[in-house]
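Enquirer:
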Amino acid sequence: MMSEISGMAHLYGILDILTLEIIADLLSLIVYLIFKITTSVFAEYFFIQDVIPFAQIYFNSVYWSIVYRAHGIVLLTIHRYLVIVKTSSKLTHFILNEKPWLIWFRFWIPPTIFNFIFFLDTKIRFGMGQILIFAMDTLIVDRYAEVIIIFLSISCLICFVSYVLIIWFVRSKSNAMSQSIKRELLLALQMILPCFGLFVLQVYMSFLHCFATNDNGFMIQWIRGFFPLVNGIISFIGPVTILLFNMELSSKIKIILMNRKSISPSISLAPPRSIKSIATNYLNASKFLT
Numbered sequence: 013m014m015s016e017i018s019g020m021a022h023l024y025g026i027l028d029i030l031t032l033e034i035i036a037d038l039l040s041l042i043v044y045l046i047f048k049i050t051t052s053v054f055a056e057y058f059f060i061q062d063v064i065p066f067a068q069i070y071f072n073s074v075y076w077s078i079v080y081r082a083h084g085i086v087l088l089t090i091h092r093y094l095v096i097v098k099t100s101s102k103l104t105h106f107i108l109n110e111k112p113w114l115i116w117f118r119f120w121i122p123p124t125i126f127n128f129i130f131f132l133d134t135k136i137r138f139g140m141g142q143i144l145i146f147a148m149d150t151l152i153v154d155r156y157a158e159v160i161i162i163f164l165s166i167s168c169l170i171c172f173v174s175y176v177l178i179i180w181f182v183r184s185k186s187n188a189m190s191q192s193i194k195r196e197l198l199l200a201l202q203m204i205l206p207c208f209g210l211f212v213l214q215v216y217m218s219f220l221h222c223f224a225t226n227d228n229g230f231m232i233q234w235i236r237g238f239f240p241l242v243n244g245i246i247s248f249i250g251p252v253t254i255l256l257f258n259m260e261l262s263s264k265i266k267i268i269l270m271n272r273k274s275i276s277p278s279i280s281l282a283p284p285r286s287i288k289s290i291a292t293n294y295l296n297a298s299k300f301l302t
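The sequence shown finishes on residue 302 if you use my numbering, and the numbering steps up by one all the way, no holes.
#1: I'd like the list of long-range same chain contacts for L32, defined as Cβ closer than 8 Å, with 5 residues on each side in sequence excluded.
#2: Would you call T134 buried or exposed, if buried means 16 or more other Cβ atoms sit within 10 Å of its Cβ?
#3: Just the Cα atoms here: how many angstroms apart are N127 and F146?
#4: Hey, how far is the Cα of S165 from the Cα of L132?
#5: Under a Cβ-count criterion, where at least 16 other Cβ atoms within 10 Å of its own Cβ denotes burial, should V153 be classed as buried or exposed?
#6: Please report the residue range of the alpha helix (DSSP H) in which N127 lies.
#7: Within its chain, find whatever has a CB closer than 7 Å to the CB of S278; leave out the 5 residues flanking it on each side and keep chain order.
#8: Is DSSP giving F54 helix, strand or coil here?
#9: Name the one or two DSSP bridge partners that F146 has.
#10: Is S174 buried or exposed, if buried means 16 or more other CB atoms sit within 10 Å of its CB?
#11: Using the Cα positions of I78 and I249, report the straight-line distance between them to the nearest angstrom.
#12: Does DSSP put L32 in a helix, in a strand, or in coil?
#13: Compute the Euclidean distance between the alpha carbons of F223 and L108, then round it to the nearest angstrom.
#14: Does the contact criterion of 3 or more C-beta pairs under 8 Å hold for the region 217-231 versus the region 88-102?
#15: Measuring only the C-alpha atoms, how far is F138 from E56?
#16: Throw me the rounded Cβ distance for the F58 and F66 pair, which I believe falls under 8 Å.
#17: With H, G and I counted as helix, E and B as strand and the rest as coil, what does DSSP make of Y182?
#18: Using 8 Å as the threshold, is the C-beta distance between G229 and T150 below it?
#19: May I ask you to report which of helix, strand or coil DSSP gives Q97?
#20: What three-state label does DSSP hand M270 in the structure shown?
#21: Tell me whether P206 is buried or exposed, calling it buried when 16 or more other Cβ atoms sit within 10 Å of its Cβ.
#22: Between the Cα of L39 and those of K98, Y80, L197, spot the shortest distance and give me the residue it belongs to.
#23: Anyone know if the C-beta pair for S167 and A36 falls short of 8 Å?
#24: If you measure between the beta carbons of V182 and L197, is that distance less than 8 Å?
#25: Within the same chain, show all residues whose beta-carbon is closer than 6 Å to that of F211, passing over the 5 residues directly before and after it, in chain order.
#26: For S276, collect the residues of the same chain with a Cβ closer than 6 Å to its Cβ; drop the 5 residues on either side in sequence, then sort them by chain order.
#27: Hey, out of I232, I161, W76, whose CA is closest to L213's CA?
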């Protein structure tokens, strides 16, 4: 019974982190879609008006979304490492049984503080060429790129070390792994693709930083044209690989969304008798006594 409770706590922990990761992905895509549509249709309005700092909002939101999503992938990877390798540690027990509000706090607050510190520059404007473009000092692009490259490098390093330790654990304990650990290992393998998405994003930002360092404005604008592709990779690869290839987790998500309860046969209760059957039994008993 305790293992079932622990398993449910573990499931809800994964669902909470995964849900937050999907929310971050959807918010990023929605903001980017709104930006592309509005700046294409109302380019002249965005260029002329200066009351609302749309350029600052849109440009900074790109880096904010990267930080949120990378942070979520790292949390999921660390979660896999702890559940597989450090199953009996106090930290693992705490994470598996923590409250939903603490999971939300851990997902949103640290990256929000980080974004406020590093990605809140106000010297960003729109410029007009053949299309509406961002106009700013290349030092801003250079600084943003340096910070995000360091952040992504640390994130990729954490994911890499976690998977190395998981592989080492599997090789040393391959004959003594329980069925639940094997299931967790499958989830860990599915998280490799989101980690690869982080690496692709790091390479992209490295090129952007290289062009900004050389003060190559043309190449900076050119490489930004690939951002929808890179952004789409990191946005969809995580939820798709986890939800599409993990039928067990997908079915449990459907059960939760439909507000249904899955009850084990070993602890299932007999259905209550109807009032009619109770009355019939009472009459039969009365006849027998008389």
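Even glycine gets a Cβ: it sits at the ideal position worked out from N, Cα and C.
Expert: Short version:
#1: G84, I115, W116, F119, W120
#2: exposed
#3: 20 Å
#4: 21 Å
#5: buried
#6: 112-130
#7: Only weak support exists for where S278 lies, its pLDDT of 42 falling under 50; the value from the coordinates is given anyway. The answer is none, since no qualifying residue turns up.
#8: coil
#9: F138
#10: buried
#11: 14 Å
#12: helix
#13: 44 Å
#14: no
#15: 10 Å
#16: 6 Å
#17: In the sequence under discussion, the amino acid at residue 182 is Val, which differs from the Tyr named in the question. Helix.
#18: yes
#19: It is worth fixing the name first, because residue 97 is Val in this sequence and not Gln. It is helical.
#20: coil
#21: buried
#22: Y80
#23: no
#24: yes
#25: C168
#26: With a pLDDT of 44 at S276, under the threshold of 50, the predicted position of this residue should be treated as unreliable, though the coordinate-derived value follows. Contacts found: none.
#27: I161
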